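Each remark here refers to the structure printed beneath this line.
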Amino acid sequence: GWIDEYGPLITIRRGTEKIVIIGRHKAAVDIMERQGGSVADRHRMVAAGEMLSGGLNIAFAPIGAQCAGCPKAAEEYEPLQMSEAKNMVLNILDDPSKFLNHTHYLRVCYASTTIMKVAYGKNAPATATDPEVIQVHQVMAIFVTAETSGTYLVESIPWLKYLPWYDRELKRGYESSKRIHTSQLNRVKQQMSNVNVGPSFAKHVLENRHHYDLIELEIAFLAGAYFGGGSVLMAAACFPKEQANVQAELDEVIGRHREYLPHLQALISEALRWRPLAPDGKLLHPSGHYGIRQPLRWMDDQGYLRDDIKSFVFGFGRRLCPAQDVANSLLWIPRNR
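If you read the sequence shown in our numbering, its first letter stands for residue 12, the second for the next number, and so on.
What follows is the structure, given as structure tokens:
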């Protein structure tokens with residue numbers, strides 16, 4: 012391939028756009044981690060970042076617009092995650108024939124319940140039929156398309172976004188996102204004025220808005236950014252042999268200590284590697300190459316996790332996902348039940 016021929020860093024052009032491809036792990040670490048300050052800014056994405064989210068989605072925001080004070084809430088919300096994970100496992104044990112239905116519960120209900128709790132302090136379990144959950148996932152489906160390079164002509168001709176008739180789907184998606192996020196934030200504000208509500212990200216930002224200099228619409232979209240997609244369990248279900256190795260490890264070691272569960276960490280890392288959220292939930296690999304779906308790549312000859320490779324599914328340097336601790340708990344808890 013080009014990387015073997017030209018080196019770990021290559022540049023290609025598409026029209027007036029310059030695309031830099033980093034093709035080796037060491038080069039990615041050297042550039043994205045050790046020189047993070049100079050590469051932390053986000054490439055302009057007109058369809059997803061401006062038309063679909065009105066410039067308010069932190070994932071597409073310039074580096075200067077990021078909120079540096081996001082609270083880490085992973086440990087605080089683990090009891091909620093634990094309860095939902097137990098419900099899913101019991102459902103599978105009660106009726107294994109409906110495994111797909113139960114894993115749908117994990118992907119939609121379990122994750123959504125935790126995210127709604129973390130973002131908005133909502134205590135009631137979220138279900139797949141909740142209107143806000145349905146609407147959020149509909150908007151996220153549009154985001155996946157909008158993020159795909161070359162989908163919309165507006166990426167090459169940005170002034171198209173000012174035309175009233177151009178791509179009304181993106182504009183409707185923005186209005187839907189604004190309506191969803193604003194209604195959730197208003198519910199938190201109402202609860203704060205009436206009762207002593209528990210902790211949530213939205214409550215924290217509202218109470219400390221003078222530190223962040225954010226308007227309410229920006230706060231609404233910032234809290235809404237907690238919603239994301241994950242499919243590790245569905246990926247793992249395709250490989251029962253590797254799951255058997257993980258189960259044997261769990262039978263031998265019961266506890267919270269992740270360092271004693273290298274097979275489980277390797278399985279999660281591999282599932283995240285070959286089925287990431289973007290682009291389009293797929294891993295792009297050379298034609299004819301089948302060296303994928305091998306969790307043991309993350310382990311050394313002695314059976315320990317390798318310390319010379321790292322998964323960057325949550326991003327690099329200063330663009331690391333601020334909710335990665337919560338996301339990691341979402342992955343770990345149901346898989347060690």
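All C-beta atoms, glycine included, are put in the ideal place defined by N, C-alpha and C. For clarity, every value in this text was computed on a predicted model and none was experimentally measured.
Asked: So, for residue 23: in the same chain, excluding its five sequence neighbours on each side, which residues have a beta-carbon less than 6 angstroms away from its beta-carbon?; Found: 30
Asked: Can you list, in chain order, the residues of its chain with a C-beta nearer than 8 angstroms to that of residue 132? Leave out the 5 residues immediately preceding and following it.; Found: 199, 202, 208, 209, 210, 211, 213 and 214
Asked: Starting from the C-beta of residue 205, find all residues in its chain whose C-beta is less than 6 angstroms away, skip the five residues before and the five after it, and write them out in chain order.; Found: none
Asked: Measure the Cβ-Cβ separation of residue 163 and residue 58 and say whether it is below 8 angstroms.; Found: yes
Asked: Is it true that the CB of residue 236 sits closer than 8 angstroms to the CB of residue 216?; Found: no
Asked: Please state the DSSP three-state secondary structure of residue 27.; Found: coil
Asked: Rounding to the nearest angstrom, what Cα-Cα distance links residue 39 and residue 33 in this structure?; Found: 6 angstroms
Asked: Could you spell out the range, first to last residue, of the alpha helix (DSSP H) harbouring residue 1?; Found: A query on residue 1 cannot be resolved here, the shown segment of the chain reaching from 12 to 348 and no further.
Asked: Under a three-way DSSP split, which group does residue 391 fall into?; Found: Outside the shown range of the chain (12 to 348) lies residue 391, about which nothing can therefore be said.
Asked: Below 8 angstroms on the Cβ atoms is my guess for residue 189 versus residue 65; work out the distance and round it to an integer in Å.; Found: 7 angstroms
Asked: Would you check if the stretch 142-156 and the stretch 177-194 touch, i.e. whether three or more CB-CB distances between them fall below 8 angstroms?; Found: yes
Asked: Please classify residue 124 as buried or exposed, where buried requires at least 16 neighbouring CB atoms within 10 angstroms.; Found: buried
Asked: Go to residue 67, then tell me how far its alpha helix (DSSP H) extends in each direction, as first and last residue.; Found: Premise fails: residue 67 is in no alpha helix (DSSP H) and is neither H nor E.
Asked: For residue 169, which residues in the same chain have their Cβ closer than 6 angstroms to its Cβ, ignoring the five residues on either side in sequence?; Found: 57
Asked: If we require 4 or more residues per run, which alpha helix (DSSP H) segments fall completely within the stretch 195-224?; Found: 212-218 and 220-223
Asked: Count the other CB atoms, across all protein chains shown, that sit within 10 Å of the CB of residue 221; report buried if there are 16 or more and exposed otherwise.; Found: exposed
Asked: If you run the structure through DSSP and keep just helix, strand and coil, what is residue 191?; Found: helix
Asked: Give the range of the alpha helix (DSSP H) segment to which residue 231 is assigned.; Found: 227-235
Asked: What number of angstroms, rounded off, separates the C-alpha of residue 14 from the C-alpha of residue 36?; Found: 12 angstroms
Asked: Based on Cα-Cα distance, which residue from 142, 53, 21 and 223 lies nearest to residue 192?; Found: 142
Asked: For residue 177, which residues of its own chain have a beta-carbon under 6 angstroms away from its beta-carbon, when the five flanking residues on both sides are left out?; Found: 171
Asked: With residue 232 and residue 63 assumed to form a contact (beta carbons below 8 angstroms), what rounded beta-carbon distance in angstroms separates them?; Found: With 8 angstroms as the limit, residue 232 and residue 63 do not qualify as a contact, their Cβ atoms being about 11 angstroms apart.
Asked: Taking the Cβ atom as the reference point for each residue, do residue 218 and residue 196 lie within a distance shorter than 8 angstroms?; Found: no
Asked: For residue 160 and residue 104, what's the separation of their Cα atoms in angstroms?; Found: 43 angstroms
Asked: Could you pull the start and end residues of the alpha helix (DSSP H) that residue 37 belongs to?; Found: 36-39
Asked: What do you reckon, is the C-beta of residue 15 under 7 angstroms from a heavy atom of the ligand SAM?; Found: As far as ligands go, the structure on display features none, and thus does not contain the ligand SAM.
Asked: Between the C-alpha atoms of residue 224 and residue 230, what's the straight-line distance to the nearest angstrom?; Found: 10 angstroms
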